[in-house]
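Chemist: Residues -19 to -1, 1 to 306 in mature numbering (1 follows the signal peptide of the UniProt record, and there is no 0) are what the sequence shown spells out, letter by letter.
Glycine included, every Cβ here is placed at the ideal spot set by N, Cα and C.
What follows is a single structure, and I will ask about it in a moment.
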Amino acid sequence: MKKFLALLFTCILTGSLLAGCGGKTTTTGNEGNSGQEGGKIKIGLTMSSRDQFLSTLETAVKDAAKDYSDVEIVAFDAENDIQKQLSHISSFVSQDCGAIIVNLVNTDTSEEILKAAGDVPVVFVNRLPNEKILEDSSNASYVGSDEYEAGQLQAKFLTDYFKDKSDKTINYVLFMGTLGLQHTNARSKAVKATLEENGFTLVKQFEDTAEFDRAKAMAKMQQFIGTGKPFDVVIGNNDEMALGAVEALKSANKLDVPVVGIDATANAIAAIEAEEMACSVFQDASGQGAGAFDFAYKMAKGEEVDKYGWIPFQVVSLDNIEDFK
C-alpha cells in the first residue's frame, strides 16, 4: 500500500496536478542550454547525506528519470558538508546541466546555492530554503512537505494517547534535528505548541539536538535515563533519533513509554509493529523525489512550474500500519 501511495503521488506530479501556491517559476534563458549532450538532458542532484530516508528520495529521483530516454541524472553526496555541496553546484554548471535538484545541507545557504547555479534552474527538495530568497528567485522552486504539519500530527496522536491523563501534564523528552534547519524548528515548535493548544501543560525534562542521528540519540537517551528524572513521552524530529531512543529504553526496560518519530521508514514501521514505537508520521520520500524530478525536467526544458509542490504527511500507528508495509 505504501508503494501504491508513492506511485499515486508520482502519477499526480507527472500530470502537473501537484498543488502549488505562491506563484509560478518560469525559467528564462535556459531553453537553448538545457544540458543536452548527445540528445540527453543532464540534471544534477546534490544530497545533503544518504540516510535511509534521503536514500529513498534519491532513488525516487533516479527511478522517475528512467521513464525518459533523454535524461541523465548526475548525483553526489555532500556528506553534510556545505562546501562540498557548493562544489557540486559548480560542477553541475560546468557540466552544462539543464537543472539542479538540491537537498540542502543547511537551509541558510540557499542564497549561495542560487548564486553558484547562476542561470541554471534549481529545485530545492525536502528542506525548505529561505522563503524570501525562494520567492524572489525566478529560477527556483521547492518540492517537499509542510514541516509544521508533521509536528502537529505527532501532537494529534499524543493528544489522543494522553486523553485520559487526569492532570494534563506531560513530562517530555525531545530529540531535535540539526539546529538551524527549517524543519527542525518547525517540527519542534509545532508538536509543543499543538499539545499546549490542546490543553496540556508541558514540562521539559530533556531537550537537545541529536542531529537526526540514531547513535547520538541513543547515547543521550541513556545519559538522561541515568538521571532518574520522570518522563511520559519521547519525541523525535525523525525516526532515526526515535529508534535510537528505543534502543536505550530497551536496555533500561522502559518500553512502556511512548516514542514518536517522523518519516515512517521501514525500520520505524517494524518498530511500531513490534510495539516499540507508538507512531511515526509518514513523509513521502518517493513522492518528494518524483516531484523534484518532475519540476527539474520541466524547468530544464524551459517550462513553467509552480513555486511550491506540497506532498502531504500521514500519521502511522498500529491502527493503520498495514497500509504502510
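Please confirm if the segment 284 to 294 is in contact with the segment 156 to 167, defined as three or more CB-CB distances below 8 Å between the two stretches.
Modeler: no
Chemist: Assign Q204 to buried or exposed, taking buried as 16 or more other Cβ atoms, counted over all protein chains shown, within 10 Å of its Cβ.
Modeler: Here residue 204 refers to the residue found at position 223 when the sequence shown is read from its first residue. It is exposed - the Cβ of Q204 has fewer than 16 other Cβ atoms within 10 Å.
Chemist: With a threshold of 16 other CB atoms inside 10 Å of the CB of P211, please say whether the residue is buried or exposed.
Modeler: Start at 1 with the first residue of the sequence shown, and residue 211 comes out as number 230. Burial call: exposed.
Chemist: Can at least three beta-carbon pairs, one atom from the segment 263 to 281 and one from the segment 223 to 233, be found at a separation below 8 Å?
Modeler: no
Chemist: Thinking C-alpha only, which one of M222, K96 and V103 is nearest K201?
Modeler: Counting from one through the sequence shown, the residue named residue 201 turns up at place 220. Ranking M222, K96 and V103 by Cα distance to K201 puts M222 first.
Chemist: Please state whether the Cβ-Cβ distance between N84 and S29 is less than 7 Å.
Modeler: Taking the sequence shown and counting its residues from 1, the one referred to as residue 84 is at position 103. Taking the sequence shown and counting its residues from 1, the one referred to as residue 29 is at position 48. Yes, Cβ-Cβ distance for N84 and S29 is below 7 Å.
Chemist: May I ask you to check if the CB of M28 is nearer than 6 Å to at least one heavy atom of the ligand PLP?
Modeler: The ligand content of the structure shown is nil, which means the ligand PLP is not present either.
Chemist: Kindly identify the DSSP beta-bridge partner or partners of C260.
Modeler: On the sequence shown, residue 260 is found 279 positions in, with the first residue counted as 1. Paired residues: V241.
Chemist: Return the first residue and the last residue of the beta strand (DSSP E) that T140 is part of.
Modeler: The residue labelled residue 140 in the question sits at position 159 within the sequence shown. Premise fails: T140 lies in the alpha helix (DSSP H), E128 to Y142, not in any beta strand (DSSP E).
Chemist: Using only alpha-carbon positions, find the residue among A80, A98, F57 and G242 that is nearest to I22.
Modeler: As a position in the sequence shown, residue 22 is number 41, starting the count at 1. Here the closest residue by C-alpha is A80.
Chemist: Evaluate contact between the segment 270 to 284 and the segment 31 to 45, counting only Cβ atoms and requiring at least three cross-stretch pairs below 8 Å.
Modeler: yes
Chemist: Between S122 and V104, how many whole angstroms is the CB-CB distance? I'm expecting something under 8 Å.
Modeler: Residue numbering aside, residue 122 sits at position 141 when the sequence shown is read from its first letter. Residue numbering aside, residue 104 sits at position 123 when the sequence shown is read from its first letter. That belief holds up - the Cβ atoms of S122 and V104 are roughly 5 Å apart, short of 8 Å.
Chemist: Can you find at least 3 beta carbon pairs, one from the segment 164 to 171 and one from the segment 116 to 136, that sit closer than 8 Å?
Modeler: yes
Chemist: Compute the distance between the beta-carbons of residue 307 and V124, then report whether it is under 7 Å.
Modeler: For the chain, the structure presents residues -19 to 306; residue 307 sits outside this window and is missing.
Chemist: Please report the straight-line C-alpha distance between G209 and F187, rounded to a whole angstrom.
Modeler: Locating residue 209 in the sequence shown gives position 228, counting from the first residue. Locating residue 187 in the sequence shown gives position 206, counting from the first residue. Roughly 12 Å separates the two Cα atoms.
Chemist: Note down, one range per segment and in chain order, each alpha helix (DSSP H) of at least 4 residues found wholly within the segment 154 to 231.
Modeler: If we require 4 residues or more, the alpha helix (DSSP H) runs fully inside the segment 154 to 231 come out as 163 to 178 and 195 to 208.
Chemist: Of the choices E257, Y49 and I70, whose alpha-carbon is the least far from that of A59?
Modeler: For the purposes of this step, residue 59 is taken as residue 78 along the sequence shown, with counting starting at 1. Measuring from the Cα of A59, the nearest candidate turns out to be I70.
Chemist: Between the C-alpha atoms of E116 and E256, what's the straight-line distance to the nearest angstrom?
Modeler: Along the sequence shown, one-based indexing puts residue 116 at 135. Along the sequence shown, one-based indexing puts residue 256 at 275. Spanning the two alpha carbons is a distance of roughly 43 Å.
Chemist: Tell me the residue span of the alpha helix (DSSP H) that contains E39.
Modeler: Numbered from its first residue, the sequence shown carries residue 39 at position 58. Note, E39: alpha helix (DSSP H), Q33 to A46.
Chemist: Among V52, D62, A251 and G180, which has the Cα closest to the Cα of K144?
Modeler: Looking up residue 144 in the sequence shown gives position 163. Comparing Cα positions, the closest option is G180.
Chemist: Once the 5 residues before and after D213 are set aside, which same chain residues still bring their CB inside 6 Å of it?
Modeler: Numbered from 1 along the sequence shown, position 232 holds the residue referred to as residue 213. Counting only Cβ-Cβ distances below 6 Å, and skipping sequence neighbours, we find I151 and N152.
Chemist: Straight-line CA distance for D127 to Q269?
Modeler: Locating residue 127 in the sequence shown gives position 146, where the first residue counts as 1. Locating residue 269 in the sequence shown gives position 288, where the first residue counts as 1. Answer to the nearest angstrom: the Cα atoms are 12 Å apart.
Chemist: Report the rounded CA-to-CA distance for D237 versus S119, giving the unit in angstroms.
Modeler: Counted from its first residue, the sequence shown places residue 237 at position 256. Counted from its first residue, the sequence shown places residue 119 at position 138. So the alpha carbons of these two residues sit roughly 51 Å apart.
Chemist: With a threshold of 7 Å on Cβ separation, who are the neighbours of P239 within its own chain once the five nearest residues in sequence on each side are excluded?
Modeler: Residue 239 sits at position 258 when you count from the first residue of the sequence shown. Hits under 7 Å: Y142, V214 and A259.
Chemist: Am I right that N219 and I243 are in contact with their C-beta atoms under 8 Å? What's the rounded C-beta distance?
Modeler: As a working mapping, residue 219 is identified with position 238 in the sequence shown. As a working mapping, residue 243 is identified with position 262 in the sequence shown. 5 Å between Cβ atoms; contact.
Chemist: Among N248, K235 and G207, which has the Cα closest to the Cα of L224?
Modeler: One-based indexing of the sequence shown puts residue 224 at position 243. Minimum Cα distance to L224 is reached at N248.
Chemist: State the beta-bridge partners of Y49 as determined by DSSP.
Modeler: Taking the sequence shown and counting its residues from 1, one reaches residue 49 at position 68. Beta-bridge pairing links Y49 to no other residue.
Chemist: Just to confirm my understanding: we take I114, look at its own chain, exclude 5 residues before and 5 after, and list those with CB closer than 6 Å. What are they?
Modeler: Here the question's residue 114 lines up with position 133 in the sequence shown. For I114, where only same-chain residues beyond five positions count, the Cβ hits under 6 Å are S91 and E92.
Chemist: From the DSSP output, read off the bridge partner residues of F57.
Modeler: Within the sequence shown, numbered from 1, the residue matching residue 57 stands at position 76. DSSP lists T27 as partners of F57.
Chemist: At what residues does the alpha helix (DSSP H) containing S118 begin and finish?
Modeler: Numbered from 1 along the sequence shown, position 137 holds the residue referred to as residue 118. Taken as a continuous stretch (DSSP letters only), S118 belongs to no alpha helix (DSSP H), as it is neither H nor E.
Chemist: Do you know how far the Cα of C78 is from the Cα of E254?
Modeler: As a working mapping, residue 254 is identified with position 273 in the sequence shown. As a working mapping, residue 78 is identified with position 97 in the sequence shown. Using only the alpha carbons, I get a separation of about 43 Å.
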